[in-house]
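> These protein sequence lines map, in sequence, to chains P and U. Oh and the first sequence: position 1 is 253 in this note's numbering, straight run, nothing missing. Oh and the second sequence: position 256 is 257 in this note's numbering, straight run, nothing missing. Beta carbons are placed, not taken as given, at the ideal position from N, Cα and C, and that holds for glycine. Supplied in structure tokens, the structure appears directly below.
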Amino acid sequence: MIAPATEARIYKILSDLSAVPQQQIKRGDRLREDLGLDSVSSMELVSMLSEEFSIDVELEEAVRITDVAGLLALAENRIGDA
Amino acid sequence: MAPEVLVLGSNGFIGLHVVDALRAEGVEPRCGRRPRSNVLGLRSRKARMVPADLDDPASLDAAMQGVHTVVHLAGHYPRTSTDRPGTLALGERQSRAVIAAAHRARVSRLVYVSSTATVAPRRDGPSSEDDRFARPPAHGLYHDLKWTMESIFEAAADLDVRIALPAGCIGPGDLRLGTSALIVALARGDDPPHPDGIVSLVDPRDAAIGIARMALREAAPRRVILSQSSVPLHGLLVALSRRYGVREPCAPMSPRVAKALADDAERQAVASHSRPRMVREIVDLVVHGVPLRGDLAEQTLGLRYRPFSDSLSDFETWASRLGFFPTPPEARP
Numbered sequence: 253m254i255a256p257a258t259e260a261r262i263y264k265i266l267s268d269l270s271a272v273p274q275q276q277i278k279r280g281d282r283l284r285e286d287l288g289l290d291s292v293s294s295m296e297l298v299s300m301l302s303e304e305f306s307i308d309v310e311l312e313e314a315v316r317i318t319d320v321a322g323l324l325a326l327a328e329n330r331i332g333d334a
Numbered sequence: 002m003a004p005e006v007l008v009l010g011s012n013g014f015i016g017l018h019v020v021d022a023l024r025a026e027g028v029e030p031r032c033g034r035r036p037r038s039n040v041l042g043l044r045s046r047k048a049r050m051v052p053a054d055l056d057d058p059a060s061l062d063a064a065m066q067g068v069h070t071v072v073h074l075a076g077h078y079p080r081t082s083t084d085r086p087g088t089l090a091l092g093e094r095q096s097r098a099v100i101a102a103a104h105r106a107r108v109s110r111l112v113y114v115s116s117t118a119t120v121a122p123r124r125d126g127p128s129s130e131d132d133r134f135a136r137p138p139a140h141g142l143y144h145d146l147k148w149t150m151e152s153i154f155e156a157a158a159d160l161d162v163r164i165a166l167p168a169g170c171i172g173p174g175d176l177r178l179g180t181s182a183l184i185v186a187l188a189r190g191d192d193p194p195h196p197d198g199i200v201s202l203v204d205p206r207d208a209a210i211g212i213a214r215m216a217l218r219e220a221a222p223r224r225v226i227l228s229q230s231s232v233p234l235h236g237l238l239v240a241l242s243r244r245y246g247v248r249e250p251c252a253p254m255s256p257r258v259a260k261a262l263a264d265d266a267e268r269q270a271v272a273s274h275s276r277p278r279m280v281r282e283i284v285d286l287v288v289h290g291v292p293l294r295g296d297l298a299e300q301t302l303g304l305r306y307r308p309f310s311d312s313l314s315d316f317e318t319w320a321s322r323l324g325f326f327p328t329p330p331e332a333r334p
């Protein structure tokens, strides 16, 4: 289970990049269709996440993340590994 | 002792390969990065990153402190050709900012990575480094922007400037699917609309080796084309359609129709914040493409271009791994 503080930091990054208010972002949101992030912005998002939490993310993993749930799952798995 | 080298645009398609090429030459570069850029490639390489934003002179001053050579791959690259005054002004301002910071930091050499769009045609055969438009070629915004920025760097005083002119890059790492977008569309079974003309190609790893050697070798020429081959685009797409077992692409459009279609696609894309189906810059590069000589790099930098088939195979393998390609192609020419 991802820590609430970690989840909040991820939503803050999402909000900064998408300009969607943090409170309006939901776990089920899709990065492109719901948050308006194109493929370039989505990669920037994963990159910001990797820097924020000092985790290494391979490109192959990054391109497969298409929604907020995927992003949270990545954080949950990898922050525990870090 | 290896010189201190700063790479601006180090996290980009060619930039990451330049980092690898510099390392292969024994140099551990400083890698400039903007605050929000995708640095996954730099992080996986455990690269030395420093903040460097072309719109933030203080960050450039700090990044260039103690640097001998700057490799500049971060020149403005417009995503569309819809804002001519704004694009030209931004490209000019950022170019002057890099030069001013290099002067303040007493940088010795600057390798500016320009584009083959600045190479003029010649009547008696393929164009070489000596063939440069005397004024902006007026083919489109991309050509004029590249000409303008290159001219600014060429005129920089008290700085040893070298100009690298890489052709369209086909190879691993093209995350934004720029030059390779047509190949991917074709492999997916789409029928990408396209004009015909000469396209010049190079593997980004070879271009990067050339750029790294221009940064490090005292006797590197002032202007170097990095191009493995020049071929007609439509013929290339037909050959690739056979390679991928898909139907042959439609006949090429006339330049006039292609430009109009690209302009329209870009206007729609800007309005809807999406990616245009056709890009004016690519249309201009194809329609006005000229055959190029890439042999100066071989003679003076010891560059050995790998065969295009190797570049293509490596691109396909990489793109398949990332899910850009439908399946790894089995047919080989």
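#1: Where does the unbroken beta strand (DSSP E) through Y143/U begin, and where does it stop?
#2: Does the Cβ of R333/U have 16 or more other Cβ atoms within 10 Å, making it buried, or fewer, making it exposed?
#3: When the Cα atoms are used, what is the spatial distance from R80/U to Y143/U?
#4: Determine which residues share a DSSP beta bridge with R110/U and list them.
#5: Give me the Cα-Cα distance between R307/U and D161/U, rounded to the nearest whole angstrom.
#6: Between the alpha carbons of V108/U and D159/U, how many angstroms are there, rounded?
#7: Would you decide whether E267/U is buried or exposed? Buried here means 16 or more other CB atoms lie within 10 Å of its CB.
#8: What's the gap between the Cα of E93/U and the Cα of T149/U?
#9: On the three-state DSSP scale, how would you describe P334/U?
#10: Does any CB atom of chain U fall closer than 9 Å to the CB of R316/P?
#11: Would you list the residues sitting across from I226/U in a DSSP beta bridge?
#12: Is the CB of R37/U under 9 Å away from at least one CB in chain P?
#13: By DSSP, does L7/U sit in helix, in strand, or in coil?
#14: Just checking: is the beta-carbon of E304/P within a distance shorter than 9 Å of some beta-carbon in chain U?
#15: For a contact meaning CB atoms closer than 9 Å, what does S45/U contact in chain P?
#16: S291/P CB to nearest chain U CB: under 9 Å?
#17: Kindly examine the ligand FMN and report whether one of its heavy atoms sits closer than 8 Å to the Cβ of G87/U.
#18: Contact criterion: CB-CB distance below 9 Å. Does S270/P meet it with respect to chain U?
#19: In this structure, does DSSP put P273/P in helix, strand or coil?
#20: Between the C-alpha atoms of A271/P and E296/P, what's the straight-line distance to the nearest angstrom?
#21: Of the residues that make up the segment 294–328 of chain U, which ones have a beta carbon closer than 7 Å to any beta carbon in chain P?
#22: So, is the C-beta of S275/U closer than 9 Å to a C-beta in chain P?
#23: Can you give me the Cβ contacts of A320/U inside the same chain, cut-off strictly under 7 Å, excluding the 5 residues immediately before and after it?
#24: Is there at least one Cβ from chain P nearer than 9 Å to V108/U's Cβ?
#25: Counting only beta-carbon separations shorter than 9 Å, does L176/U have a partner in chain P?
#26: Which residue's Cα is closest to the Cα of S129/U: P167/U, H140/U, A102/U?
#27: In three-state terms, what does DSSP make of G33/U?
#28: Helix, strand or coil, according to DSSP, for M50/U in the structure here?
#29: Report all residues from its chain with a CB closer than 7 Å to the CB of L313/U; omit the five preceding and five following residues, and keep chain order.
#30: Less than 9 Å between the C-beta atoms of A165/U and V239/U, yes or no?
#31: Could you tell me whether the Cβ of L41/U comes closer than 9 Å to any Cβ of chain P?
#32: Say whether chain U places a C-beta atom closer than 9 Å to the C-beta of S267/P.
So, from the listed chains and residues:
#1: No beta strand (DSSP E) contains Y143/U, which is instead part of the alpha helix (DSSP H) from 142–155.
#2: Bear in mind that a pLDDT of 47 at R333/U, under 50, signals an unreliable position, so the model cannot answer this.
#3: 10 Å
#4: For R110/U, which the question treats as bridged, DSSP gives the partners T70/U, D161/U.
#5: 29 Å
#6: Each residue's alpha carbon lies about 9 Å from the other.
#7: buried
#8: Annotation: E93/U to T149/U spans about 7 Å, alpha carbon to alpha carbon.
#9: With a pLDDT of only 45 at P334/U, under the threshold of 50, the placement of this residue in the model should not be trusted; the figure read from the coordinates follows. Here P334/U sits in coil by DSSP.
#10: It does; some Cβ of chain U falls within 9 Å.
#11: L166/U
#12: yes
#13: strand
#14: no
#15: Result: D308, V309, E310, L311.
#16: Interface flag for S291/P against chain U is set, since a Cβ pair is found closer than 9 Å.
#17: As presented, the structure is devoid of all ligands, the ligand FMN included, so that no description of it is given.
#18: no
#19: Three-state DSSP puts P273/P in coil, outside helix and strand.
#20: 14 Å
#21: R322, L323, G324
#22: yes
#23: V185, F326
#24: no
#25: yes
#26: Cα-wise, what sits closest to S129/U is P167/U.
#27: strand
#28: strand
#29: I171
#30: In this structure, A165/U lies away from V239/U, with their beta-carbon atoms at least 9 Å apart.
#31: yes
#32: no
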